[in-house]
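Here is the structure we will look at.
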Amino acid sequence: MKRKCKIGIIACFALLNFSHAKAQNLETKPAVQWVEACVYQGDTIPFVQLRNIYVYPPLKFKSQKEWRDYYRLVYNVKKVLPLSIMIHNTIIETYEYLQTLPTEKERKAHVKRVEKGLKEQYTAQFKKLSYSQGKLLIKLIDRECNQSSYEIIKAFMGSFKAGFYQTFASLFGASLRKEYDAINDDSLTERVITLAANGQI
34 MKRKCKIGII
44 ACFALLNFSH
54 AKAQNLETKP
64 AVQWVEACVY
74 QGDTIPFVQL
84 RNIYVYPPLK
94 FKSQKEWRDY
104 YRLVYNVKKV
114 LPLSIMIHNT
124 IIETYEYLQT
134 LPTEKERKAH
144 VKRVEKGLKE
154 QYTAQFKKLS
164 YSQGKLLIKL
174 IDRECNQSSY
184 EIIKAFMGSF
194 KAGFYQTFAS
204 LFGASLRKEY
214 DAINDDSLTE
224 RVITLAANGQ
234 I
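Everything in the sequence shown is counted per my numbering, starting at 34 for the first residue and increasing by one.
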């Protein structure tokens with residue numbers, strides 16, 4: 034009986050402390066949140082812009098393998114999508130800077146510097162990608178840049194290097210010419226990208 038009383042007293046004490054901490058927490062937090070307002074028919078009303086919510090039909094998996102493949106795709110997209118966006122941004126920055134250089138010699142020298150810098154910064158990260166993640170990255174680069182990895186390398190480094198990298202990729206069953214097809218072949222990937230980018234998955 035004494036033991037039960039002790040436990041009851043300790044529990045009450047803990048609850049009181051928790052309530053006190055909660056009360057202190059509420060006191061320190063502002064009770065008002067400022068939002069934009071708009072005037073409609075003479076009335077000032079709060080205006081809060083909500084993010085889009087994307088709704089798709091529920092997926093139906095025919096087997097455990099399909100279920101695992103889907104969640105592997107989700108994992109791979111979350112890992113690879115930021116890399117494809119980074120590559121897209123680097124290409125835009127490089128292209129814009131190249132337009133400011135007066136001679137072909139200077140442009141080639143700058144491309145070499147960019148290539149070297151990217152290798153030093155990202156080689157270790159790219160080496161950690163699995164085979165399926167590497168193939169997905171090739172497709173997502175096409176999605177972000179609206180041209181294949183092969184065409185990008187060819188534009189910046191010439192046909193020889195593009196051919197070399199394409200041959201190297203083909204040794205592992207990949208192709209730098211692979212294009213992204215959001216409507217048909219890659220419709221499920223597009224769905225995952227949309228949901229992941231919006232924080233829904």
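Note that the Cβ used here is the ideal one computed from N, Cα and C, for glycine as well.
Sequence-distant residues of the same chain with beta carbon closer than 8 Å to residue i, five excluded per side
| i | result |
| --- | --- |
| residue 144 | 127, 131, 189 and 190 |
| residue 120 | 174, 177 and 178 |
| residue 107 | 225, 229 and 234 |
| residue 47 | Residue placement at residue 47 cannot be trusted, given a pLDDT of 42 that sits under 50; the coordinates are not used to answer. |
| residue 185 | 124, 174 and 178 |
| residue 165 | 105 and 109 |
| residue 134 | 140 and 143 |
| residue 89 | 224 and 228 |
Residue of the options minimising C-alpha distance to residue i
| i | options | result |
| --- | --- | --- |
| residue 232 | 66, 199, 182 and 111 | 111 |
| residue 218 | 115, 169 and 65 | 169 |
| residue 92 | 103, 204 and 148 | 103 |
| residue 167 | 186, 116 and 136 | 116 |
| residue 113 | 159, 200 and 133 | 159 |
| residue 214 | 180, 202 and 203 | 180 |
| residue 68 | 163, 100 and 80 | 80 |
| residue 151 | 137, 98, 122 and 207 | 122 |
With 16 other Cβ atoms within 10 Å as the buried cut-off, status of residue i
| i | result |
| --- | --- |
| residue 55 | Its pLDDT being 48, under 50, residue 55 is placed unreliably by the model, and the measurement read from it follows with that caveat. Per the 10 Å Cβ criterion, exposed. |
| residue 70 | exposed |
| residue 87 | exposed |
| residue 195 | buried |
| residue 202 | buried |
| residue 187 | buried |
Spatial neighbours of residue i in its chain, beta-carbon cut-off 6 Å, leaving aside the 5 residues before and after
| i | result |
| --- | --- |
| residue 182 | 171, 174 and 209 |
| residue 223 | 215 |
| residue 221 | none |
First and last residue of the uninterrupted alpha helix (DSSP H) at residue i
| i | result |
| --- | --- |
| residue 239 | The structure shown does not extend to residue 239, since the chain is modelled only from 34 through 234, so no value can be given for it. |
| residue 161 | First-last for residue 161: undefined, no H or E at that position. |
| residue 84 | Careful: residue 84 lies outside any alpha helix (DSSP H) and carries neither H nor E. |
| residue 184 | 182-190 |
| residue 208 | Segment: none, residue 208 is in no alpha helix (DSSP H) and carries neither H nor E. |
| residue 65 | Per DSSP, residue 65 belongs to no alpha helix (DSSP H) and is neither H nor E. |
| residue 222 | 220-230 |
DSSP bridge partner residues for residue i (one or two, in chain order)
| i | result |
| --- | --- |
| residue 72 | 77 |
Cutoff 7 Å; reference residue i; Cβ partners in own chain excluding five residues on either side
| i | result |
| --- | --- |
| residue 118 | 177 |
| residue 78 | 70 and 71 |
| residue 52 | Any reading at residue 52 must be qualified, since the residue scores a pLDDT of 46, below 50, and its modelled position is unreliable; the value itself is stated next. Hits under 7 Å: none found. |
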